[in-house]
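In this note's numbering, the protein residues as written are 11 to 194.
To keep things clear, I will list the structure first and then write my remarks on it.
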């Protein structure tokens, strides 16, 4: 409690390519991110007996793909990401080296379909599908959050009020009312 961690720096490399025309769009990128990780050290059962310190790093490598298309009043977008996130260089807790980083799913999938109403300029409705793979909660892997899928609905109205761009949104997240843990 009350212990400040030092300012730290992560390193990121990303390479991608994308294309967009009037009706289609796509992109592909690969990335490699290394960021410092902290861990608790000591007897963490007794009050104020833990010390939090930097212990190695997490290396996130991955691939992102996305594509979209617009036809008249309709537009569709899909995206997927694959993530290989591993702990490395830990000295206080060397058992975590090579283990999956906490709270990072192996993959994510997204889909969105949207319709713009021609009779009411600025009015559009969308349906979004989200899926994320399982993720670790504890370093030893004994507790994991399961994968989840949600379906979200939204209606947006874009207008100007006294010259200021304004967007009104009515949305229902998790339309199917599924129970899930978004993150740990």
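Just so it is clear, CB atoms sit at the ideal spot from N, CA and C, and this is done for glycine as well.
Since the model is a prediction, treat every value here as computed from it, not as a measurement.
Am I right that residue 134 and residue 122 are in contact with their C-beta atoms under 8 Å? What's the rounded C-beta distance? Within the chain shown, residue 134 is the residue found at index 124, counting from 1. Within the chain shown, residue 122 is the residue found at index 112, counting from 1. Residue 134 to residue 122, Cβ: 11 Å. No contact.
Looking at residue 39: is its Cβ nearer than 9 Å to the Cβ of residue 74? Reading the chain shown from its first residue, position 29 is the one you call residue 39. Reading the chain shown from its first residue, position 64 is the one you call residue 74. Yes; because the gap between Cβ atoms is below 9 Å, this pair is in contact.
Give the single residue among 106, 136, 90, 166 whose Cα lies nearest to the Cα of residue 69. Counted from its first residue, the chain shown places residue 69 at position 59. With respect to the C-alpha of residue 69, the residue from 106, 136, 90, 166 having the closest C-alpha is 106.
Using 8 Å as the threshold, is the segment 20 to 37 in touch with the segment 76 to 88, meaning 3 or more CB pairs across them? The segment 20 to 37 vs the segment 76 to 88: in contact.
Please list, in chain order, all residues of the same chain as residue 28 whose beta carbon is under 6 Å from its beta carbon, the five residues on each side excluded. Against the chain shown, residue 28 aligns to sequence position 18. For residue 28, where only same-chain residues beyond five positions count, the Cβ hits under 6 Å are 37.
C-alpha gap between residue 63 and residue 90, whole angstroms: Position 53 of the chain shown, counting from 1, holds the residue named residue 63. Position 80 of the chain shown, counting from 1, holds the residue named residue 90. Each residue's Cα considered, the two are about 34 Å apart.
Please classify residue 193: is it buried, with 16 or more other beta-carbons within 10 angstroms of its beta-carbon, or exposed? To locate residue 193, count along the chain shown from 1; it is residue 183. So residue 193 counts as exposed.
Leaving out the 5 sequence neighbours to the left and right, which residues in its chain are closer than 6 Å to residue 176 when beta-carbon positions are compared? Here residue 176 is taken as the residue at index 166 of the chain shown, counted from 1. Once the five neighbours on either side are set aside, the close Cβ partners of residue 176 are 169.
Nearest residue (CA-CA) to residue 145, options 104, 109, 67, 14: As a first step, residue 145 must be located in the chain shown, where it is residue number 135. Nearest of 104, 109, 67, 14 to residue 145, Cα basis: 109.
Measuring only the C-alpha atoms, how far is residue 86 from residue 50? Here the question's residue 86 lines up with position 76 in the chain shown. Here the question's residue 50 lines up with position 40 in the chain shown. Rounded to whole angstroms, residue 86 to residue 50 spans 45 Å at the Cα level.
Since I believe residue 66 is in contact with residue 98 (beta carbons under 8 Å), could you give me their beta-carbon distance rounded to a whole number of angstroms? As a position in the chain shown, residue 98 is number 88, starting the count at 1. As a position in the chain shown, residue 66 is number 56, starting the count at 1. The Cβ separation is near 6 Å, so the contact holds.
Which of helix, strand or coil does DSSP assign to residue 16? For the purposes of this step, residue 16 is taken as the residue at position 6 of the chain shown. Three-state result, residue 16: coil.
Distance between residue 24 and residue 158 (C-alpha atoms, nearest Å): As a working note, residue 158 is residue 148 in the chain shown. As a working note, residue 24 is residue 14 in the chain shown. Near 27 Å, if we compare the C-alpha coordinates of residue 24 and residue 158.
DSSP on residue 102, reduced to helix/strand/coil? The residue given as residue 102 occupies position 92 in the chain shown. Coil at residue 102, not helix or strand.
For residue 181, which residues from the same chain have a beta carbon less than 6 Å from its beta carbon, with the 5 sequence-adjacent residues on both sides left out? Start at 1 with the first residue of the chain shown, and residue 181 comes out as number 171. Correct list, in chain order: 164.
Pull up the DSSP beta-bridge partners for residue 154, would you. Sequence index remark: in the chain shown, residue 154 carries index 144 (1-based). Note: residue 154 sits in a beta bridge opposite 146.
Per the DSSP calculation, residue 89 is bridged to which residue(s)? Residue numbering aside, residue 89 sits at position 79 when the chain shown is read from its first letter. In DSSP, residue 89 forms a bridge with 76, 120.
Once you ignore the five residues that flank residue 186 on each side, which residues in its own chain have a CB closer than 6 Å to its CB? Stepping through the chain shown from its first residue, residue 186 is reached at position 176. The residues are 161.
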